[in-house]
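Asker: Heads up: the sequence shown begins at 1 in the UniProt record's numbering, then just goes up one per residue. Here it is: the structure, laid out below.
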Amino acid sequence: MVVFESDRPVIFSLEEIEEATGYFNETKKIGEGGYGSVFFGVIRKKEVAIKKMRSNSTKEFFAELKVLCKIHHINVVSD
């Protein structure tokens, strides 16, 4: 497993994300939940999972982000 190693959060451009997911092509979808869909992609030669949130779930996004920031796991990319 390769992770992005950085002292800061890694920022990806929308163009990188769209290219990695084939513009969120259904063939790249690997999961779906109550707040959005998860897509497989490759960015900067690394395999990633990209969650596309539904536009009406801003509150849920920030709640999930808070939880993810506290998780330290080999399969979760964080700062």
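Ideal placement from N, C-alpha and C gives every residue a C-beta, glycine not left out. Computed from a predicted model, the values in this text were never measured in an experiment.
Does PHE61 come out as helix, strand or coil in the three-state DSSP assignment?
Answerer: If DSSP states are grouped into helix, strand and coil, PHE61 belongs with the helices.
Asker: Please name the residue in PRO9, GLY34, LYS46 whose C-alpha comes closest to that of THR21.
Answerer: Closest option to THR21, Cα to Cα, is LYS46.
Asker: Find the nearest neighbour of TYR23 within the set VAL48, GLU32, PHE39, GLY33, judged by alpha-carbon distance.
Answerer: Nearest option by C-alpha distance: PHE39.
Asker: Just to confirm my understanding: we take GLY31, look at its own chain, exclude 5 residues before and 5 after, and list those with CB closer than 6 Å. What are they?
Answerer: Only VAL38 meet the Cβ criterion.
Asker: Given LYS59, which residues of its chain have a CB within under 8 Å of its CB, disregarding the five upstream and five downstream residues?
Answerer: Cβ neighbours of LYS59 beyond the five flanking positions: none.
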